[in-house]
Structure formats: C-alpha cells, structure tokens
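Going by the UniProt record's numbering, the sequence shown opens with residue 1, and the numbers climb by one from there. No residue lacks a Cβ here, since even glycine has one placed at the ideal position from N, Cα and C. Before any comments, here is the structure.
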Amino acid sequence: GSARTNACGSACGSAPACVQTMGLDGRCCCGYFVDGLESVACARCSRRQHGRCVGVHSSDAFFSEHTCPVCRCSTVDPFLVPHDGDDGACFAVGLTSRAVTRTHDPEISLQWFLSAEQHRLLLCASSHTSSSPPPLVLRAASLLCPPKGKKRQQRWPNATQLFLNRAPLPIVHYDPVWDGISYKDRHLDEPVELPMHLLRVGQNELKVVFSDAAPHAVAVQMMRRRTVDDIRRQVVGEGTLSYDEALRRVLQVAGSSDDDDLVASAKVLSLMCPLTRMRISTPIRSSRCSHLECFDLDAFLQCQSAARIAKWACPICAADALPEQLRRCSWTARVLEDGAFRGATEVQVEPDGSAAPHVAAAAAISSARKRTVDEVDDLGDDLDVKVQQVGGRADDPIELD
Ligand SMILES: [Zn+2]
Ligand SMILES: [Zn+2]
Ligand SMILES: [Zn+2]
Ligand SMILES: [Zn+2]
C-alpha cells in the first residue's frame, strides 16, 4: 500500500518520525494516518486511532466507550484540567512500543513548538508571587495502552528515564506491592510537571528512555490548575440537583422495599459525614452512588487535596467521585437547614419522601424486639419443613426395598 496506510512503525526511518502530535490532521498516536486500517473514535473528543495502537478491537464490549490517550491523560489529576480545551492543550503524544522502536533504541522523542506567547504565559504563572503552585503548567503524563478498565491511571514504563531538552528529570514510580496474596498495583504514578527553566521558546524535546515491552502513551499537555474553591463553586453551581430531582431520588431509594418486607418502611438516614464524624454542612454524593447517605463537600475536597494520591472515591460506597460526578443534594440540604431537625444526627425518611425526627431509643428497641420474634418464628417454620423433607427422603429407600 501507500506510505499513508502503512501499519504503525512498520517501515519508518527515524524514531521522531514515529511520534507526531496527535491532532486533527487524521493521524493516530503512532504518527501514521488512520485511514485504511480498523480504527476507533474517542468517545470524548472523537479523534480516531488505529485499534491496534490503543489495544481496542471492534469486538470489545467497551469499543464505543473508548477514550483516547490524550483524553485519558487529561483526567489523571482532577485538580489539573486541559488549558483551552482538548486541542489547544495537547502539545505532543507518543507511543512507546516494540512496534515503534523495533529498529531503534528503546526510546522515543516527543517534540513540540512552544510559541513566545505560550512561554510567556507559563513563565508568568510559574513566577506568581504567592506560595501556591503555578496555575498553569506543562505536564507529561503516561498511561498503559490498552488502558486497564475505566479507572484513572498514570503509569510510567518500567525503568523510565526522562530528558527534557537533554536535562534529566526525576520521576516517581510506584512498584506494585505484594500483600501476601497478590500484587496490588494502583496504576497511579506521579505525572511530571516540566520545569520552566528547562523549557525554551521554539522547539522542545522530551526524550523517554524505557525498558518495557508493553506500550504506553506519553502526552505533553498544557494544564490549568483548579483550586479547591474552583471545584467547590462548580459543584455548588452546576453540580446541584434541583429539589424535585433530589426528591425523586429519595423516593426511589426510600420507597423501595427491603427484599424480605412487602411494605416499604421508614428508613433512617444519617446526617453525619463519614469523613469528619460531624454533622454535614454541604451534602453531596457521586452521580454513581445508589445510596441516600451524603458526605460533606468541603471535607471531601480537603481530603483529596491533602492526599498524595487522591482516590476521588465515595467514602461510603467507593464509587468514582470525580469533580464532574459530585452532586449536591437539595433534599438533604433542606433537612439539614430545617429547624425541626436542628442538631439531629439522623432523620427518618418516610416512604412518601418526607423526613421525620428519628425517635431512636424506644422505637428502635421495640422494632428490634418484634423483628427478633418474627425471625425466630420464621426460622422455626423453616426447620419444620426441612425435618419433614429429610424424613420423607429417609423413607424412600425403605419403600424401594
Ligand atoms: Zn521507528
Ligand atoms: Zn496507529
Ligand atoms: Zn479523546
Ligand atoms: Zn457512594
């Protein structure tokens, strides 16, 4: 076929030629044009890549949900988001793989052009007088291709060495931990922020030297740092469920009957944050949560910003809880503000979606007592049935004889 449709890395001249900026010019992250080979579109930015370059086949269940390496690198750290949207943010992408580097040393070179204006913006941000980290950074992130599951990940190839314009850059790589049963690998190494003093106006180069047969996509992107306050504003604004939406949600959960009860009964809802063990002030959940319990927005964001490797997971059910998935619950907020429940640590949620004071002591004890009696009765019935069955079976051989 023509040079345009060559399989990735099959007949290239030099390593840098394998690695091109993955833009909208129809090239895959391998540097070759996408047409002619089986390709897959990114569900977020609709860039296309060769299925084989990103380890996705059209028969895979997640084919339609595939997210490209650039978009996945963008979500490694929710405090950093691409500056100026998907295309303006990505400077260079390269794939480390035997296919690409077969005829070369195990290294790839990512090259990009930094304009005077971009350099000035980064420099301004980094020389900001405050002690906080710069709001704008050029960052290198890396992930395994094909990605493992849908989780966030950041993984440097084994024995990676990075060189920015020939100067070595330290990286932090976490080896999998043996817990006595299996190796636990969180797939969350630390991305690298490219230091300003090594960047120059014009052509820049990040060399990645590695000894890892598994392909990794490495992306250099310009990122904007969000503060805890930025994320808080976003959640309290567009992340807030209207009262009607929140009520519908409450009815779904509160109106559902327990599997052994025919009639829905009132449910007890804690108003305490599982993180602080104090009363919640801004109640949130993840859009992935199926429970009614909330946790406190500020406590959650503080935990994420203090953690070295933030999990961004619901403290109640461990579902993903990225900033865009956080939902403030107006129903719970109204209960928390209601004078009738001042200082209450839990309320009773009625099947009709209303809240009532939870009379803990007396009611709980009497219902527990009733429950115990019922269960003992049930257990007795079950035992009777089993005894009869066993008896019946025991009789069978006698009849056969
Ligand atoms: Zn090559
Ligand atoms: Zn490709
Ligand atoms: Zn994408
Ligand atoms: Zn949850």
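Legend entry - As assigned by DSSP and simplified to three states, the class of Ser287: Within the sequence shown, residue 287 is the residue found at index 287, counting from 1. Residue state, collapsed to three classes: coil.
Inset, instruction - For Pro274, collect the residues of the same chain with a Cβ closer than 7 Å to its Cβ; drop the 5 residues on either side in sequence, then sort them by chain order. - result: On the sequence shown, position 274 is the one that residue 274 refers to. Here the set comprises Phe295, Pro315 and Ile316.
Inset, instruction - Rank Asp298, Glu245, Asp185 and Val209 by C-alpha distance to the C-alpha of Ile231 and give the top, closest one. - result: For the purposes of this step, residue 231 is taken as the residue at position 231 of the sequence shown. Ranking the options by Cα distance to Ile231, first place goes to Asp298.
Inset, instruction - Can you tell me which of the three DSSP states His216 falls into? - result: As a working note, residue 216 is residue 216 in the sequence shown. DSSP places His216 in the strand class (E or B) of the three-state scheme.
Legend entry - Cutoff 8 Å; reference Pro133; Cβ partners in own chain excluding five residues on either side: On the sequence shown, residue 133 is found 133 positions in, with the first residue counted as 1. Cβ neighbours of Pro133 beyond the five flanking positions: Arg225.
Inset, instruction - Give the straight-line distance between the Cα atoms of Ala140 and Arg342, rounded to the nearest whole angstrom. - result: By one-based count along the sequence shown, residue 140 stands at place 140. By one-based count along the sequence shown, residue 342 stands at place 342. Roughly 49 Å between the two C-alpha positions.
Legend entry - Proximity winner among Met196, Leu269 and Leu301, relative to Thr276 (alpha-carbon distances): What you label residue 276 is simply residue 276 of the sequence shown in a count that begins at 1. When only C-alpha atoms are compared, the closest one is Leu301.
Legend entry - Proximity test, His291 beta-carbon vs ligand 4 heavy atom, cut-off 8 Å: Within the sequence shown, residue 291 is the residue found at index 291, counting from 1. Judged by the Cβ position, His291 qualifies as a neighbour of ligand 4 at the 8 Å threshold, a heavy atom of the ligand being closer than this.
Inset, instruction - Can you grab the Cα-Cα spacing for the pair Ser109 / Leu162, in whole Å? - result: Position 109 of the sequence shown, counted from the first residue, corresponds to residue 109. Position 162 of the sequence shown, counted from the first residue, corresponds to residue 162. For Ser109 and Leu162, the distance between alpha carbons rounds to 10 Å.
Legend entry - Arg285 versus Leu269 - alpha carbon distance: As a working mapping, residue 285 is identified with position 285 in the sequence shown. As a working mapping, residue 269 is identified with position 269 in the sequence shown. Near 14 Å, if we compare the C-alpha coordinates of Leu269 and Arg285.
Legend entry - Per-residue DSSP class, three states only, for Met196: Walking along the sequence shown from the start, residue 196 turns up at place 196. Correct three-state label for Met196: helix.
Inset, instruction - For chain D, find out if any of its Cβ atoms is closer than 9 Å to the Cβ of Ala321; answer yes or no. - result: As a matter of chain content, chain D is missing from the structure shown, which is built from one protein chain.
Legend entry - heavy atom of ligand 2 below 8 Å from residue 435 C-beta: For residue 435 there is no data in the structure shown, the boundaries of the chain being 1 and 401.
Legend entry - At least 3 beta-carbon pairs within less than 8 Å: the segment 150-165 vs the segment 199-211: yes
Legend entry - Simplified DSSP state of Trp331, which is helix, strand or coil: Start at 1 with the first residue of the sequence shown, and residue 331 comes out as number 331. In the structure shown, Trp331 sits in a helix (DSSP, three-state: H, G or I).
Legend entry - Heavy atom of ligand 2 within 8 Å of residue 408 beta-carbon: Beyond the ends of the chain as shown, which are 1 and 401, falls residue 408; an answer cannot be given.
Inset, instruction - Identify whether Val201 lies in helix, strand or coil by the three-state DSSP scheme. - result: Position 201 of the sequence shown, counting from 1, holds the residue named residue 201. Reduced to three states, the DSSP call for Val201 is coil.
Inset, instruction - Whole angstroms is fine: what's the gap from Val220's alpha carbon to Asn204's? - result: For the purposes of this step, residue 220 is taken as residue 220 along the sequence shown, with counting starting at 1. For the purposes of this step, residue 204 is taken as residue 204 along the sequence shown, with counting starting at 1. Answer to the nearest angstrom: the Cα atoms are 11 Å apart.
Legend entry - Secondary structure of Tyr183, DSSP reduced to three states: The residue given as residue 183 occupies position 183 in the sequence shown. In this structure, Tyr183 counts as strand in the three-state DSSP scheme.
Inset, instruction - Could you check the C-alpha separation between Ser366 and Pro351 for me, to the nearest Å? - result: Counting from 1 along the sequence shown, the entry for residue 366 is found at position 366. Counting from 1 along the sequence shown, the entry for residue 351 is found at position 351. Any reading at Ser366 must be qualified, since the residue scores a pLDDT of 48, below 50, and its modelled position is unreliable; the value itself is stated next. Near 20 Å, if we compare the C-alpha coordinates of Pro351 and Ser366.
Inset, instruction - Determine, using beta carbons only, whether Arg328 and Leu251 come nearer to each other than 9 Å. - result: As a working mapping, residue 328 is identified with position 328 in the sequence shown. As a working mapping, residue 251 is identified with position 251 in the sequence shown. No, they are not a contact pair.
Legend entry - Distance CB(Asn165)-CB(Leu123) smaller than 9 Å: Indexing the sequence shown from 1 puts residue 165 at position 165. Indexing the sequence shown from 1 puts residue 123 at position 123. Contact flag unset, no.
Inset, instruction - Find the nearest neighbour of Ile309 within the set Asp189, Pro147 and Trp178, judged by alpha-carbon distance. - result: As a position in the sequence shown, residue 309 is number 309, starting the count at 1. Of the listed residues, the one whose Cα sits closest to Ile309 is Asp189.
Inset, instruction - Please list, in chain order, all residues of the same chain as Cys42 whose beta carbon is under 7 Å from its beta carbon, the five residues on each side excluded. - result: Position 42 of the sequence shown, counted from the start, is the residue given in the question as residue 42. Excluding residues within five positions, the ones whose Cβ falls inside 7 Å are His66, Thr67, Cys68 and Cys71.
Legend entry - Three-state secondary structure assigned by DSSP to Leu275: Numbered from its first residue, the sequence shown carries residue 275 at position 275. DSSP places Leu275 in coil when its eight states are reduced to three.
Inset, instruction - Please confirm whether Gly51 and Glu38 have their CB atoms less than 9 Å apart. - result: The count along the sequence shown starts at 1 and reaches residue 51 at position 51. The count along the sequence shown starts at 1 and reaches residue 38 at position 38. Taking a C-beta distance under 9 Å as the contact criterion, Gly51 and Glu38 qualify as a contact pair.
Inset, instruction - Report the rounded CA-to-CA distance for Ala333 versus Ser59, giving the unit in angstroms. - result: Taking the first residue of the sequence shown as position 1, residue 333 is located at position 333. Taking the first residue of the sequence shown as position 1, residue 59 is located at position 59. Looking at the two C-alpha atoms, the distance is approximately 45 Å.
Legend entry - Below 6 Å from a heavy atom of ligand 3 - residues by beta-carbon: Chain-ordered, the residues whose CB falls short of 6 Å from any heavy atom of ligand 3 come out as Cys42, Arg44, Cys45, Arg47, Thr67, Cys68, Val70 and Cys71.
Legend entry - Ala313, DSSP secondary structure in three states: Counted from its first residue, the sequence shown places residue 313 at position 313. Here Ala313 sits in strand by DSSP.
Inset, instruction - Express the C-alpha separation of Ala307 and Val235 in angstroms, rounding to a whole number. - result: In the sequence shown, counting from the first residue as 1, residue 235 sits at position 235. In the sequence shown, counting from the first residue as 1, residue 307 sits at position 307. Approximately 20 Å, taken between the alpha carbons.
Legend entry - Selection from Phe79, Met222, Leu206 and Phe113 that minimises the alpha carbon distance to Arg152: Reading the sequence shown from its first residue, position 152 is the one you call residue 152. Closest by alpha carbon: Phe79.
Inset, instruction - Using the Cα positions of Val218 and Ser354, report the straight-line distance between them to the nearest angstrom. - result: Indexing the sequence shown from 1 puts residue 218 at position 218. Indexing the sequence shown from 1 puts residue 354 at position 354. Distance between the alpha carbons of Val218 and Ser354: 52 Å.
Legend entry - Check whether His187 and Leu143 have beta carbons under 9 Å apart: By one-based count along the sequence shown, residue 187 stands at place 187. By one-based count along the sequence shown, residue 143 stands at place 143. Against a cut-off of 9 Å, the Cβ pair of Leu143 and His187 comes out as a contact.
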